[in-house]
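> If you scroll down you'll find the structure; I have some questions about it.
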Amino acid sequence: MAAVKAVNHSGEISIKNVTKIYDPEGVHVVAMKDCSFDIAAGEFAVIVGPSGCGKTTLLNAIAGFDTITSGEIYLDGELISSRDTQIRPSVERMVVFQNGALFPWKTVMENIIYGPIVQKRMKRHEAIEAAREMLMRVGLNGIEDRYPEELSSGVQRRVEILRALINQPKVVMLDEPFRGLDAVAKTVMHEFLMDIFCTSPRTMFFITHDLDEAIFLGSKVIVMTTRPAQVKKIVHINLPWPREHHMIGSKAYLELKGEVLEAVHEEARKAFEAGEREMA
Amino acid sequence: MEMIWRSGIKRKVSKIFSARLLRGLFSIVMFVVLWQVVVAIKVPYLANLPYPRDVAAGAVDATGSSTYWFGWGISLSRIFVGFMAAQLIGIPLGLAMGISRTFKDFTFPVFEMLRPVPPIAWIPLAILFWPTRELSIYFLVFIGAFFIIVINVIQGVSNISVSLKWAASSLGAGQRDIFWRILVPGSLPSIITGMTVGMGVTWNVLIAAEMIAGQGGLGRMTWEAYTNNNIPLIVVGMVSIGVAGYLCSMLVRWLGEKAMPWKRRF
Chain A
17 MAAVKAVNHS
27 GEISIKNVTK
37 IYDPEGVHVV
47 AMKDCSFDIA
57 AGEFAVIVGP
67 SGCGKTTLLN
77 AIAGFDTITS
87 GEIYLDGELI
97 SSRDTQIRPS
107 VERMVVFQNG
117 ALFPWKTVME
127 NIIYGPIVQK
137 RMKRHEAIEA
147 AREMLMRVGL
157 NGIEDRYPEE
167 LSSGVQRRVE
177 ILRALINQPK
187 VVMLDEPFRG
197 LDAVAKTVMH
207 EFLMDIFCTS
217 PRTMFFITHD
227 LDEAIFLGSK
237 VIVMTTRPAQ
247 VKKIVHINLP
257 WPREHHMIGS
267 KAYLELKGEV
277 LEAVHEEARK
287 AFEAGEREMA
Chain B
171 MEMIWRSGIK
181 RKVSKIFSAR
191 LLRGLFSIVM
201 FVVLWQVVVA
211 IKVPYLANLP
221 YPRDVAAGAV
231 DATGSSTYWF
241 GWGISLSRIF
251 VGFMAAQLIG
261 IPLGLAMGIS
271 RTFKDFTFPV
281 FEMLRPVPPI
291 AWIPLAILFW
301 PTRELSIYFL
311 VFIGAFFIIV
321 INVIQGVSNI
331 SVSLKWAASS
341 LGAGQRDIFW
351 RILVPGSLPS
361 IITGMTVGMG
371 VTWNVLIAAE
381 MIAGQGGLGR
391 MTWEAYTNNN
401 IPLIVVGMVS
411 IGVAGYLCSM
421 LVRWLGEKAM
431 PWKRRF
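Going line by line, the protein sequences match chains A and B. Following the working numbering, the residues of the first sequence are numbered contiguously, the last one being 296. Following the working numbering, the residues of the second sequence are numbered contiguously, the last one being 436.
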């Protein structure tokens, strides 16, 4: 069995007028207001925006970790989140967390096969076989029996991505997964992710602060406004696939970057000024 | 071949007699010498102190008698019963308080009211409350370990990052899986810490309880040595209690390493 099957065309996300208010009776923080956009099946969507603008809020709502105050979120036409509906987290929508969420008490192998085993979708030896194949394909074989804390954070993150992929999710959501990695490690991670995405394209929901990362990986970059978050601008990245590092610096790339940067900069200024006001 | 073997031995020998070890031995030797001098020159207030050789002779006498080892047995079994009872009741209680907000709201205030009471302060009530002396000692040992393990387990559960629970539920884990596969192993480091600290407190409590209320045991033996004015035996008792406590702590630490292989390999 191939570790990563060709993906059927599903995983279309539709976000309609989503509003999220934290603590409505108390502090009343409007994290998101009337936010709408779509992500087509198999699209690599990258979300950028000022810190604390509600990107993670959106991810949590899609993943099923948190509720929204109003609006609707659909996955392949099925309502998964609204004021009255909150679908449970599921293997269809896998998350790779900001600070890493490998189980420290499980070995790399035990971490990767956890999903298929707990869902009773594979027998143990099948899961081990599939995991071995995946590790081999990305050149991480030999670390099966190590514990996460024995590995570098770059390797940890790759293992976490494999742990998500073995479940064949419709959507993979990554919340600043490469934050804190150095520039060299990051390029390795980008190639890793690019390779995985090109061999079996599936919907990606990728949050980052790093604009180069956003343009290098994304088929579109969604720039969010400061709080309350809305879509500021959507920039389609029509660079050829697979993306390669020499493209960074090409004319087309720089134009796209200029476009994204302008939108981000405006919002960053607003966020900064709002911060100044709060301080005053 | 033999050369290699010899040099291996040599390296091992030189490792055993490392500078640090020699310094350690030196400090022990100096301590005994100082002790000898203090007794020989009759330092005020320390006149009753026996010579090191008297203590050594007392130790030889004691370890040759079956009552001494019987004392070990009694103390260890009291520790075992009280400590195990504290874990068996305390760990599930701590997990329940860590997981359920409602349960914690109901139970924690009373728990926090009783927790600051030093275990030794329970002695009078324990003697009145339980029908036999033995049961009251078990109970006091239990108290010594109970509050510590519960507070550590609560802490352990609340320290588990929410992303681990979310990741598990995304991967398809149900409530039961999350409990057994995430919350229990995730709080294990705190459980082991609670057991280690609790073991230390437990010996404090046991010795006090044995001196006041016990029959048999290392604490009682030491106290009776005092009432019989057998000073070397007092010192032998003190050292024995220290060794026993140390061995128990080692056992807990060893269990902890066995239970958490991911903490050991670095």
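Positions of the beta carbon are idealized from the N, C-alpha and C atoms, including for glycine.
(1) According to DSSP, which residues form a beta bridge with leucine 95 of chain A?
(2) Can you check which of these residues, B:Asp347, B:Gly407, B:Ala395, B:Gly412, is closest to tryptophan 373 of chain B by C-alpha distance?
(3) Hey, is phenylalanine 232 of chain A's beta-carbon within less than 9 Å of any beta-carbon in chain B?
(4) Along the segment 74-87 of chain A, where does the CB come closer than 7 Å to a CB of chain B? Name the residues.
(5) Does the beta-carbon of glutamine 246 of chain A have 16 or more other beta-carbons within 10 angstroms, so that it is buried, or is it exposed?
(6) Hey, quick one: how far does the alpha helix (DSSP H) through methionine 150 of chain A stretch, first residue to last?
(7) Expressed to the nearest angstrom, what Euclidean distance is found between the alpha-carbon atoms of leucine 197 of chain A and serine 216 of chain A?
(8) DSSP three-state label for asparagine 329 of chain B, please.
(9) Helix, strand or coil, according to DSSP, for lysine 202 of chain A in the structure here?
(10) Which residues mark the beginning and the end of the beta strand (DSSP E) in which cysteine 51 of chain A is found?
(11) In the DSSP assignment, find the alpha helix (DSSP H) that holds alanine 61 of chain A and state where it starts and stops.
(12) Might you give, ordered along the chain, the residues of its own chain that have their beta carbon closer than 6 Å to the beta carbon of isoleucine 165 of chain B, omitting 5 neighbours on each side?
(13) Name the residue from B:Ile313, B:Leu403, B:Ile269 whose alpha carbon lies nearest to the alpha carbon of isoleucine 330 of chain B.
(14) Could you tell me which uninterrupted alpha helix (DSSP H) segments, each at least 4 residues in length, are contained entirely in the segment 149-185 of chain A, listed from first to last along the chain?
(15) Valine 202 of chain B lies in the alpha helix (DSSP H); which residues open and close that run?
(16) Consider the Cβ of arginine 271 of chain B: report whether some Cβ of chain A lies at a distance smaller than 9 Å.
(17) If the cut is a Cβ gap below 8 Å, which residues of chain B does valine 237 of chain A touch?
(18) So, with DSSP's three-state summary, where would you put alanine 429 of chain B?
(19) With distance defined between alpha-carbon atoms, name the residue in A:Thr101, A:Phe288, A:Ile182, A:Lys202 nearest to isoleucine 129 of chain A.
(20) Measure the C-alpha to C-alpha separation of leucine 151 of chain A and arginine 285 of chain A and round it to an integer number of angstroms.
(21) Please confirm whether methionine 267 of chain B and isoleucine 348 of chain B have their CB atoms less than 9 Å apart.
(22) What residue does the beta strand (DSSP E) around isoleucine 238 of chain A start on, and which one ends it?
(23) In this structure, does DSSP put asparagine 76 of chain A in helix, strand or coil?
(24) Quick one: grab the DSSP three-state call for arginine 109 of chain A.
(25) Going by beta-carbon coordinates alone, are valine 124 of chain A and proline 164 of chain A separated by less than 9 Å?
Put simply:
(1) Stepping through the first sequence from its first residue, residue 95 of chain A is reached at position 79. A:Tyr90, per the DSSP bridge assignment.
(2) The residue given as residue 373 of chain B occupies position 203 in the second sequence. The shortest Cα separation from tryptophan 373 of chain B among B:Asp347, B:Gly407, B:Ala395, B:Gly412 belongs to B:Gly412.
(3) Here residue 232 of chain A refers to the residue found at position 216 when the first sequence is read from its first residue. It does not; no Cβ of chain B falls within 9 Å.
(4) Ala79, Phe81
(5) The residue you call residue 246 of chain A lines up with position 230 of the first sequence. So glutamine 246 of chain A ends up on the buried side.
(6) In the first sequence, the residue the question calls residue 150 of chain A occupies position 134. Where methionine 150 of chain A is concerned, the enclosing alpha helix (DSSP H) stretches over 140-153.
(7) Residue 197 of chain A sits at position 181 when you count from the first residue of the first sequence. Residue 216 of chain A sits at position 200 when you count from the first residue of the first sequence. Approximately 25 Å between the Cα atoms of the pair.
(8) Walking along the second sequence from the start, residue 329 of chain B turns up at place 159. Looking at asparagine 329 of chain B - three-state DSSP - the assignment turns out to be helix.
(9) Against the first sequence, residue 202 of chain A aligns to sequence position 186. Residue state, collapsed to three classes: helix.
(10) Here residue 51 of chain A corresponds to residue number 35 of the first sequence, with the count starting at 1. Where cysteine 51 of chain A is concerned, the enclosing beta strand (DSSP E) stretches over 45-55.
(11) Position 45 of the first sequence, counting from 1, holds the residue named residue 61 of chain A. Segment 60-64 is the beta strand (DSSP E) holding alanine 61 of chain A; no alpha helix (DSSP H) there.
(12) Because chain B in this structure spans residues 171 to 436, residue 165 of chain B falls outside the shown range and cannot be described.
(13) Here residue 330 of chain B is taken as the residue at index 160 of the second sequence, counted from 1. For isoleucine 330 of chain B, the nearest C-alpha among the options comes from B:Ile269.
(14) 169-181
(15) In the second sequence, the residue the question calls residue 202 of chain B occupies position 32. Its alpha helix (DSSP H) spans residues 189-210.
(16) What you label residue 271 of chain B is simply residue 101 of the second sequence in a count that begins at 1. It does not; no Cβ of chain A falls within 9 Å.
(17) Here the question's residue 237 of chain A lines up with position 221 in the first sequence. Within chain B, no residue comes near valine 237 of chain A; the closest Cβ sits about 25 Å away, beyond 8 Å.
(18) Working through the second sequence from its first residue, we reach residue 429 of chain B at position 259. The three-state secondary structure of alanine 429 of chain B, taken from DSSP, is helix.
(19) For the purposes of this step, residue 129 of chain A is taken as the residue at position 113 of the first sequence. Nearest option by C-alpha distance: A:Ile182.
(20) In the first sequence, residue 151 of chain A corresponds to position 135, counting from 1. In the first sequence, residue 285 of chain A corresponds to position 269, counting from 1. Answer to the nearest angstrom: the Cα atoms are 43 Å apart.
(21) Locating residue 267 of chain B in the second sequence gives position 97, where the first residue counts as 1. Locating residue 348 of chain B in the second sequence gives position 178, where the first residue counts as 1. No, Cβ-Cβ distance for methionine 267 of chain B and isoleucine 348 of chain B is not below 9 Å.
(22) Locating residue 238 of chain A in the first sequence gives position 222, counting from the first residue. From DSSP, the beta strand (DSSP E) with isoleucine 238 of chain A extends over 236-240.
(23) Counted from its first residue, the first sequence places residue 76 of chain A at position 60. Asparagine 76 of chain A: helix per DSSP, three-state reduction.
(24) By 1-based counting over the first sequence, the position of residue 109 of chain A is 93. Of the three classes helix, strand and coil, the one that applies to arginine 109 of chain A here is strand, per DSSP.
(25) Residue 124 of chain A sits at position 108 when you count from the first residue of the first sequence. Residue 164 of chain A sits at position 148 when you count from the first residue of the first sequence. For valine 124 of chain A and proline 164 of chain A, yes; Cβs fall inside 9 Å.
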